[in-house]
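Structure, as structure tokens:
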Amino acid sequence: MTILMPAYAAVLFSFASGLLALMTHRRPLLESLCLRYAARFPGRIPLVGLLEESRYPIRLRQAVFVLLGISGLLAVLAGSAALVSPSAVTDQIGLGLPWLPWHVRFDGLSGFFFLIIGIAVIAVSVYGPGYVRAYQEEKHPFAVLGLFTGLFVAGMLLVLLADDAFFFMIAWELMSVASYFLVAFQHENPANRRAAFLYLLMAEVGALAIILGFGVLAGFSDGLTFDALRQTNLSTGWASIAFVLALLGFGMKAGIVPIHVWLPEAHPVAPSHISALMSGVMLKVAVYGLIRFCFDLLADAQWQWGVVLLVLGTISALGGILYAMMQPNLKRLLAYSSVENIGIIFMVLGLAMIFLANGFPQLAALGLLAALLHAFNHALFKNLLFLGAGILQHQVHSLDIDSMGGLIKRMPQTSFLFLIGCMSISSLPLFNGFVSEWLAFQTALQVDVLDNGVLRSLIPVSAAALALTAALAAACFVKVFGLIFLGLPRSRHSEKAQEVEDKGMLLALKLLAGLCFFFGIFPTLIIGALNTVAKQLIGQVLPNATLLSWMWLAPVSAQNASYSPILVLIGVLIATGFTFWYLRRNPDTKTMRRSAAWDCGFGGLNARMQYSSSAFTMPFRRIFAKVWLIDEQIDKDMQGAQDMDVAAIHYRLQVQDHSWPKLYQPIAHGINAAARLVGRIQTGNIRVYLGYSFVTLIVMLWVVSL
Amino acid sequence: MNWLLAVIQTLLFVALAPLLSGWLKWCKCHLQNRKAPSLLQPYRDLLKLIRKQPVVAEHASWIFTRSPYIIFSAMVLAASVVPLIAVDLPTAASADVIVLVGFFAFARFFLALAGLDIGTAFGGMGASREMTISSLAEPAMLMAVFTLTMTASTTNLSLAITHVLNEGLVLRPSFIFAMFALILVAIAETGRVPVDNPTTHLELTMIHEAMILEYSGRHLALIEWASQLKLMLYGVLIANIFLPWGIARDFSLHALGYGLLAVSGKLAVLAIMLAISETLVAKMRLFRVQEYLSFAYLLGLLGMLSHIILEASR
Numbered sequence: 276m277t278i279l280m281p282a283y284a285a286v287l288f289s290f291a292s293g294l295l296a297l298m299t300h301r302r303p304l305l306e307s308l309c310l311r312y313a314a315r316f317p318g319r320i321p322l323v324g325l326l327e328e329s330r331y332p333i334r335l336r337q338a339v340f341v342l343l344g345i346s347g348l349l350a351v352l353a354g355s356a357a358l359v360s361p362s363a364v365t366d367q368i369g370l371g372l373p374w375l376p377w378h379v380r381f382d383g384l385s386g387f388f389f390l391i392i393g394i395a396v397i398a399v400s401v402y403g404p405g406y407v408r409a410y411q412e413e414k415h416p417f418a419v420l421g422l423f424t425g426l427f428v429a430g431m432l433l434v435l436l437a438d439d440a441f442f443f444m445i446a447w448e449l450m451s452v453a454s455y456f457l458v459a460f461q462h463e464n465p466a467n468r469r470a471a472f473l474y475l476l477m478a479e480v481g482a483l484a485i486i487l488g489f490g491v492l493a494g495f496s497d498g499l500t501f502d503a504l505r506q507t508n509l510s511t512g513w514a515s516i517a518f519v520l521a522l523l524g525f526g527m528k529a530g531i532v533p534i535h536v537w538l539p540e541a542h543p544v545a546p547s548h549i550s551a552l553m554s555g556v557m558l559k560v561a562v563y564g565l566i567r568f569c570f571d572l573l574a575d576a577q578w579q580w581g582v583v584l585l586v587l588g589t590i591s592a593l594g595g596i597l598y599a600m601m602q603p604n605l606k607r608l609l610a611y612s613s614v615e616n617i618g619i620i621f622m623v624l625g626l627a628m629i630f631l632a633n634g635f636p637q638l639a640a641l642g643l644l645a646a647l648l649h650a651f652n653h654a655l656f657k658n659l660l661f662l663g664a665g666i667l668q669h670q671v672h673s674l675d676i677d678s679m680g681g682l683i684k685r686m687p688q689t690s691f692l693f694l695i696g697c698m699s700i701s702s703l704p705l706f707n708g709f710v711s712e713w714l715a716f717q718t719a720l721q722v723d724v725l726d727n728g729v730l731r732s733l734i735p736v737s738a739a740a741l742a743l744t745a746a747l748a749a750a751c752f753v754k755v756f757g758l759i760f761l762g763l764p765r766s767r768h769s770e771k772a773q774e775v776e777d778k779g780m781l782l783a784l785k786l787l788a789g790l791c792f793f794f795g796i797f798p799t800l801i802i803g804a805l806n807t808v809a810k811q812l813i814g815q816v817l818p819n820a821t822l823l824s825w826m827w828l829a830p831v832s833a834q835n836a837s838y839s840p841i842l843v844l845i846g847v848l849i850a851t852g853f854t855f856w857y858l859r860r861n862p863d864t865k866t867m868r869r870s871a872a873w874d875c876g877f878g879g880l881n882a883r884m885q886y887s888s889s890a891f892t893m894p895f896r897r898i899f900a901k902v903w904l905i906d907e908q909i910d911k912d913m914q915g916a917q918d919m920d921v922a923a924i925h926y927r928l929q930v931q932d933h934s935w936p937k938l939y940q941p942i943a944h945g946i947n948a949a950a951r952l953v954g955r956i957q958t959g960n961i962r963v964y965l966g967y968s969f970v971t972l973i974v975m976l977w978v979v980s981l
Numbered sequence: 016m017n018w019l020l021a022v023i024q025t026l027l028f029v030a031l032a033p034l035l036s037g038w039l040k041w042c043k044c045h046l047q048n049r050k051a052p053s054l055l056q057p058y059r060d061l062l063k064l065i066r067k068q069p070v071v072a073e074h075a076s077w078i079f080t081r082s083p084y085i086i087f088s089a090m091v092l093a094a095s096v097v098p099l100i101a102v103d104l105p106t107a108a109s110a111d112v113i114v115l116v117g118f119f120a121f122a123r124f125f126l127a128l129a130g131l132d133i134g135t136a137f138g139g140m141g142a143s144r145e146m147t148i149s150s151l152a153e154p155a156m157l158m159a160v161f162t163l164t165m166t167a168s169t170t171n172l173s174l175a176i177t178h179v180l181n182e183g184l185v186l187r188p189s190f191i192f193a194m195f196a197l198i199l200v201a202i203a204e205t206g207r208v209p210v211d212n213p214t215t216h217l218e219l220t221m222i223h224e225a226m227i228l229e230y231s232g233r234h235l236a237l238i239e240w241a242s243q244l245k246l247m248l249y250g251v252l253i254a255n256i257f258l259p260w261g262i263a264r265d266f267s268l269h270a271l272g273y274g275l276l277a278v279s280g281k282l283a284v285l286a287i288m289l290a291i292s293e294t295l296v297a298k299m300r301l302f303r304v305q306e307y308l309s310f311a312y313l314l315g316l317l318g319m320l321s322h323i324i325l326e327a328s329r
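Those protein sequence lines, which keep their order, are chains A and B. Position 479, counted from 1, in the first sequence is what this note's numbering calls 754; the numbers after and before it change by one each time, with no gaps. Position 278, counted from 1, in the second sequence is what this note's numbering calls 293; the numbers after and before it change by one each time, with no gaps.
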């Protein structure tokens, strides 16, 4: 009961932060309340001064974010407590329908995702006050933003607490609908409304699939509580149907290819701290749902499901990063990169399921651990990058990578923190992204224990695909960092950009970057905690994950593979420090001479001669040409005597996702055609409608009389 | 004692790397009927560069000036985990072969960023091409490496080599495929003919040189040294994984000396083979490289499949 208290409190505080935001236009009400309070307890805190007319909006915003931050802190607290405590805690809340109380269960898995949400929410609440200041109150009311942010966070936390299908769906819908309003926040732009509608549509279709998935389970059990669903004995056929429905529903929310299309539309249009929450955290809640459904509720996992997850994950990982590479808009790029990372998580979950179904629970625990760790790491660095993108949007007034450049000198702190995010997401050693990817490779390499020849050749191939994904991700984020922060500024705005003044915004980035580095060096801390989750879900722990003390990471056995980030760090420090000291001893050559860059002797280098985003990715576009729909046009303006001289050349490039024309447009056409068919019965003539009613009545009477 | 030996081996690695490229150059010159520079020429070049004051492009940021140190130390760390003359050294356990690939990725990341930092077209061109080639090479390399690690059921290089030694001389088709895959990858990753030509500054074809065009002085020395180290790392990987015989298994002076001799001999032969191939083969067009690397991947895949079908224990 005790560890549930901070969890409940976290939910309540996020609700409270949402409700407080509604007070934007209720200053007089608050003031009179305060006056009454002050009258009753004279000599207490001078609350009235805080509510001064001119400072009121700022104070209110700060208070809203403070409440949100407290909610995040409590979530971290509750999550850590749940990871430490050996068994799950259950409870019932008497809300909802009278005969359907809400069941609550808080175990290691929920606790771990509480931790993820908590860290992200803390970062957002530090970052938020500085970020929302730029919104004009008339056009973009803070009340809406604050209210739905609070509801959104509360919804996510409740999903994790839910222990029956009914409560789960209510929380899930709260999360979906609240985030719809956040995506539609800047609704004056038609493209944003379209993105928000697409998001809502796909969220609801996904929710329907989840409800049906629960329905299949509930059809064979006596009740909607997860306990009852766990006891269900399903035939393999029905279990597979439930699995496919859950995969569709949760996959739609998590954004696996090809049902990812809402993600690159919705993430760029939401305010940056919201996109950070959506991409960093909400997708993880979908992963939580899938894990809960497949590893907890469905008792016997089939290895074929694992293969499905593995293949879908591989496609998502490769597709996500290839699409990401082609995006000139930073937030769209980050959204596609989330598709990639979710793909990696799904791949490793698939491996875990394959091992579990083949009777290797210990290796399954390793896979599950790698997947959860990657979810955690992705939440950290993707939040960092989205919040960084928000700062860039503020300071450069654009998200177009091709209009930035040279910002490392203008924004030294942001650029350094952003670099850490880029290095983590490119899974370079010493940073957290590398650890989870290393564990994923280790899981894949255990394939030798399996008997099935197909699996034994499929899994290494998907591991190679994972290697390709990692390398492409590095290329993509070299492009991102190189074009945004290095080189010469490509626009007037980026030439004039300044470091962000708000300390809180930078502090949030510092917090996340610090955690990225910390968990890259000491991954054993979080892996030890994750063992609890594996024990509760699969009943197995990794013997050696923490056995070799905090210095070493040796998941299978010390004879098998080991990685010691701290030794690597010491080695790097010694090697760099020594060469740095040794080569700069000579005072004559210590200072460097600055000179113009080599311009081939023609002179006049300018910013437009640098590689642009489309130039950088051109080799990839050519090699993987089939992956995209590429529309490339070169128009030449001719002039001169016989139109022989080229006056100007226009280059236009459009890179599109295959899934729109191949999958979604046929569906949309089909629905439209069906609607037209149904529409034929609408003649607009009242006599015909009366006739319909009459026929319906007759048919009903006949049905009743049977 | 073991740690001391590990440090000595790493230093030996770093110290011998320029000699290997000197030897390679010497062989190539003789094959092409040119007068060869001394074997020690690379050392002289490095010393000369270190003594000079570096000139830095005016728009360069700290990324450009610090990258050489980062790249060099990543390579030194990589050298510290690859067994050169002895197995079972303590550093080998701190990082396995996947981390080794990670070190290469780390160095490449900063090299590409440094290329983009100066704001010229060359830098971007080199960065873009380097990232393209490496992203195609990485899966091929891991395919080849996985064949080895699955046979030895460990990703620790030292233990894997011990496993191969214990097995004795067995003809494994998977290893032959994997070795050829790794050789092809090594040629691509170290920027040798036919993928890149390290001796040219021809604008349209250069990859590695395009990124480091603006480097001079000690920065250039570090970058050059790092690429010499990388060449040697790949050479040692090929030589010691697939033909490990001669490597020291205990730390007696005799065994260590023998190990040093053995690895020098193997590297010398590999370098001669590389020189011959560089003399015979012309450089490819950039967009033929993908076919070359998919061939390497295919070889790796064949190695993996033949391991699974022909050699697996069950």
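Beta carbons are placed, not taken as given, at the ideal position from N, Cα and C, and that holds for glycine.
Taking a cut-off of 8 Å for Cβ pairs, the region 74-87 of chain B and the region 122-137 of chain B touch, as three or more such pairs fall below it. Per DSSP, A/T365 lies in no alpha helix (DSSP H) segment; the continuous beta strand (DSSP E) that holds it begins and ends at 364-368. In this structure A/A551 is in contact with A/A395, their Cβ atoms being roughly 7 Å apart against a cut-off of 8 Å. Among the CB atoms of chain A, none fall inside 8 Å of the CB of B/Q24. Within chain B, not a single residue places a beta-carbon under 9 Å from that of A/F456; the smallest gap is close to 39 Å. For A/N604, the closest Cβ of chain B is not nearer than 8 Å. Excluding five sequence positions before and after A/I734, the CB atoms of its chain that fall closer than 6 Å to its own CB belong to A719, V722, given in chain order. Contact annotation for B/Q305 against chain A: I898 [CB-CB distance below 8 Å, chain order]. Here A/E615 carries a helix assignment [DSSP, helix/strand/coil]. Under the DSSP assignment, A/M280 falls in the alpha helix (DSSP H) whose first and last residues are 279-296.
Its Cα nearest to that of A/L343, the residue A/A284 stands out among A/I368, A/T299, A/A284.
Check the Cα spacing between B/F125 and each of A/A749, A/K528, A/W578: the tightest is with A/A749.
In the DSSP annotation of this structure, the continuous segment of the alpha helix (DSSP H) that includes B/H178 starts and ends at 172-182. Nearest C-alpha to A/A632 among A/Q929, A/T511, A/L741, A/A409: A/T511.
Our two residues, B/M158 and A/I841, have alpha carbons roughly 28 Å apart in a direct line. Our two residues, B/S292 and B/L235, have alpha carbons roughly 27 Å apart in a direct line. The beta carbon of A/E448 sits closer than 7 Å to those of A482, all from its chain and outside the five residues before and after it, given in chain order.
Contact note: A/D497 does not reach chain B at a C-beta cutoff of 9 Å; the least C-beta distance is about 44 Å.
Contact annotation for A/D863 against chain B: Q68 [CB-CB distance below 8 Å, chain order]. Counting along the chain, no beta strand (DSSP E) covers B/Q24; the unbroken alpha helix (DSSP H) around it starts and ends at 17-46. By alpha-carbon distance to A/P704, the top candidate from A/L976, A/L782, A/G524, A/Y838 is A/Y838. Per DSSP, the unbroken beta strand (DSSP E) holding A/D920 starts and ends at 920-931. About 29 Å separates the CB atoms of A/T799 and B/Y84; that is not less than 8 Å, and the two are not in contact. Contact between the region 140-155 of chain B and the region 303-320 of chain B is present: three or more C-beta pairs spanning the two stretches fall below 8 Å.
DSSP, reduced to helix, strand and coil, places A/L682 within a helical segment of the structure shown. For A/F381, the enclosing beta strand (DSSP E) covers residues 377-381. According to DSSP, residue pairing for A/E907 in a beta bridge involves A/L928. Among the residues facing chain A, B/S88 is included, as its CB has a counterpart in that chain under 8 Å away. Bounds of the alpha helix (DSSP H) holding A/S355 are 331-359.
CA-to-CA, the gap between A/M450 and A/F472 works out to about 15 Å. Residue-level contact check: A/Y838 touches chain B, since one or more beta carbons of chain B fall below 8 Å from its beta carbon. Taking 9 Å as the cut-off between beta carbons, the residues of the region 751-762 of chain A near chain B are C751, F752, V753, K754, F756, G757, L758, F760, L761, G762, in sequence order. A/G846 belongs to the set of residues whose beta carbon lies under 8 Å from a beta carbon in chain B.
Counting only runs that start and end inside the region 580-648 of chain A, the alpha helix (DSSP H) elements of at least 4 residues fall at 605-632. Taking 8 Å as the upper bound for CB-CB distance, A/A296 and A/G425 are in contact here, some 7 Å apart.
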